[in-house]
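In our numbering, the protein residues as written are 3 to 550. Even glycine gets a Cβ: it sits at the ideal position worked out from N, Cα and C.
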Amino acid sequence: MRPLQLVCALVAALCTLAAAPAQVHVVGHRWGFDNTATPGSFNLLTLEVRNDTSSDYDGGVTVYPVRSLMDAGVQHTIRCFLRPGEARQVATSVWLADATAEARVHVLGGKLLEIMPPKVGGTGAQVLLVPKNATPTAGLQVHAYDETTFPSSLAALDTLRGVVLDHVPEMLEAQRRTLIDWLHAGGTVHVFQDIGGFPRFDGDLAVLSGEQAEQRVGAGCILRYSRTLTSAPYTLRKRSAASLPRPVGLHAIAQRLGEVLRPEHNWLVIYLLITAFFVATVPVLAYLQQRLGPLTNTAILLALVAVFSWAIVTVGRRGYGERSRVLSVSHIRGLGRGRFDVCQWKSVFSTTSQRYAIHHDAGGSTYAAPGPDRVSAFTPPGRTALLLDVPLFTAQPFLHRGTFTGDPVAVTSDTDERGSKTLRWDGPKVLRAYLVRSGQVTTLRVRGNELVDEGAATDPHVLMAQTMYVRSGRARRSVQAQIADQAISALLAAEFPRQVRRKPTRRRSSSPTRLLVFCDPPQQLAAKGEGVGEETGVAIYDLMLEAD
């Protein structure tokens, strides 16, 4: 019996080892709102996490994008609490650099999940907000989305084009405010009637109430339909008013910012060190050779080589007057009510190798590392901060997206007797200003708070060539001027790519004119953190003017 018992014990042990242990793991995922993603922007990633253990789980779910077999993005750690047997959906915004980018998900105590590249989306998703566990109406042309899981971060709505409503959604205050911010930034809300007519929205959603068939709200639009969703068939109308483009596709700015901070070498000191090295090694050693022994001369020679090599390398590697600092370009779109959607490209230059904890005074802050190089950075759970490793004498780029509050800006126009149009700017001090209309760019003359349109339009590609910075010795411009040149060049390159150059066409009279105003960045936009140093940059207010 004892051998039989031993065999049974061995079999039981092997079965126990072979059985998969209970764990917390991800059982499903969804990209965006319709399971597609848009490269070069933030994309919503929703994960369904399940706790198959017999104890509570209070930990994190870590998500990070991957490209070319290298970690090329910021790790986002989402705090998650699950009771035994419970499943829950968690969401985060992931920056996908291109269509080949993947994402990996890791749960503490669980296995690593690799999410393959998502299907590339088109012009954006349109969703119908439905109550939790509700059965959507059959035959809908849009995807149904649980309104209780609506994101509370504006960056997560980059790939959302339209929202369909026929009732007052059950949302938290942060979700309702984000929906209206997205509308002001250029979104479209389709409002259908319910059984008793149009829904009566209140609070932050009160702007959705009304009877007009089309209503402009900031850069966005509300389209209303005098019928219900159940009265099939129905089609969603297209808005007649144009909107501002999404603040994406400009991540090349982050790499260009690093080129601005090149060390300034003192070549006179380098040449003097090289001359002193030859003087010390040839005449001096020849003189000492007659008085000292060969062993002493060899030791002196090695010491001289070591000292001068260290001095030349130190002087040649770093410049003078260097300090830890941050360069930035902030793309600002007004959301009304003194709120602004700000997308920032930043480059941290460090004179000490350490980890920096960077944060911003913004709501719903989201961070990304859009560069092709490996960046060691992550956002800890429960905090809107970025922990960034910056090696010695290097510039590390990153991207920040958030919603700021501040003093509102305003633009009024006036035309003089000669037909010159003057825009009066009520906002921060203006450095430069441009008008983008009908495929052309007009440089405005800045005169205090007045922006004078003299009608001299320029091809955007010509302006790009003019603003590309070229080092020219003593003719260098200020760091802020270099940043402005890089920003307008990258902005126009994203707006007017060379491969799609076409003959100018007349736009409809309803087509808006974009006003780009370059200003000193407000203090509240600056990065906060111990040791990061001062921040130098420009803020670009991207406004949409009424058609002439």
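> Any idea what DSSP makes of Gly205, helix, strand or coil?
Replying inline: helix
> Any idea if Ala93 is buried or exposed, counting beta-carbon neighbours within 10 angstroms, 16 or more meaning buried?
Replying inline: buried
> Looking only at C-alpha atoms, which of Ser57, Gln77, Thr55 sits nearest to Val65?
Replying inline: Gln77
> Comparing alpha-carbon positions, which option in Ala486, Gln398, Ala492 lies nearest Pro462?
Replying inline: Ala492
>> Just to confirm before moving on: does the CB-CB distance between Ala176 and Ser154 stay below 8 Å?
In response: yes
>> Taking its Cβ as the centre, do 16 or more other Cβ atoms sit within 10 Å of Leu297, making it buried, or is it exposed?
In response: exposed
> Around the C-beta of Asp160, are 16 or more other C-beta atoms found within 10 angstroms, so that it is buried, or is it exposed?
Replying inline: buried
> Do you know whose CA, among Asn37, Thr354, Leu337, lies nearest Leu156's CA?
Replying inline: Leu337
>> Once the 5 residues before and after Gly450 are set aside, which same chain residues still bring their CB inside 7 Å of it?
In response: none
>> Can you give me the C-alpha to C-alpha distance between Met173 and Gly34, rounded to a whole angstrom?
In response: 19 Å
> Taking buried to mean at least 16 other C-beta atoms within 10 Å of its own C-beta, is Asp204 buried or exposed?
Replying inline: exposed
> What residues are listed by DSSP as bridge partners for Val350?
Replying inline: Val328, Gln398
> Under 8 Å, do Leu115 and Val26 count as touching if we go by C-beta distance?
Replying inline: no
> When you compare each of Leu494, Asp487, Leu425 to Val438 by their alpha carbons, which one comes out closest?
Replying inline: Leu494
> Buried or exposed: which applies to Ile197, given that a residue is buried once 16 or more other Cβ atoms fall within 10 Å of its Cβ?
Replying inline: exposed
> Is Ile485 near Ser332, with beta carbons less than 8 Å apart?
Replying inline: no
>> Helix, strand or coil for Asn45? Go by DSSP, reduced to three states.
In response: strand
>> Can you tell me where the alpha helix (DSSP H) holding Asp183 begins and where it ends?
In response: 175 to 186
> Can you name the start and end residues of the alpha helix (DSSP H) that Ile272 belongs to?
Replying inline: 269 to 281
> Roughly how many angstroms lie between the CA atoms of Phe395 and Lys530, to the nearest whole one?
Replying inline: 20 Å
>> On the criterion of 16 or more Cβ atoms from any shown chain inside 10 Å, does Lys134 qualify as buried, or is it exposed?
In response: exposed
> Short check: CB of Arg163 to CB of Thr190, under 8 Å?
Replying inline: yes
> Given that a residue counts as buried once 16 or more other Cβ atoms are within 10 Å of its Cβ, and exposed if not, what is Phe342?
Replying inline: buried
> Where do the N-terminal and C-terminal ends of the alpha helix (DSSP H) with Leu545 fall, by residue?
Replying inline: Where Leu545 is concerned, there is no enclosing alpha helix (DSSP H), although the beta strand (DSSP E) it sits in stretches over 536 to 547.
>> Rounding to the nearest angstrom, what Cα-Cα distance links Ala79 and Asn45 in this structure?
In response: The residue asked about is misnamed: residue 79 is Thr in this sequence, not Ala. Cα to Cα, the separation comes out at about 16 Å.
> Hey, Asp168 and Phe152: beta-carbon distance below 8 Å or not?
Replying inline: no
> If you draw a straight line from the alpha carbon of Tyr471 to that of Leu304, how long is it in whole angstroms?
Replying inline: Bear in mind that the predicted position of Tyr471 carries a pLDDT of just 49, short of 50, making it too unreliable to give a figure here.
> Between Gln442 and the rest of its own chain, which residues show a CB-CB distance below 6 Å, the 5 nearest in sequence each way excluded?
Replying inline: Ala459
> Is Thr300 closer than 8 Å to Ser326 when the C-beta atoms are compared?
Replying inline: no
> Between Val129 and Asp148, what straight-line distance do the alpha-carbon atoms span, to the nearest angstrom?
Replying inline: 10 Å
>> If you measure between the beta carbons of Leu453 and Leu433, is that distance less than 8 Å?
In response: no
>> Taking the beta carbon of Asp401 as the centre, do at least 16 other beta carbons fall within 10 Å, making it buried, or is it exposed?
In response: Here residue 401 turns out to be Leu, not Asp, going by the sequence shown. Burial call: buried.
> Cα separation between Tyr436 and Arg229?
Replying inline: 43 Å
>> Please tell me whether Asp183 and Ile334 are closer than 8 Å, where the distance is taken between their beta carbons.
In response: no
> Is it the case that the Cβ atoms of Ile272 and Val317 are separated by a distance below 8 Å?
Replying inline: yes
> Three-state secondary structure (DSSP) at Val344?
Replying inline: strand
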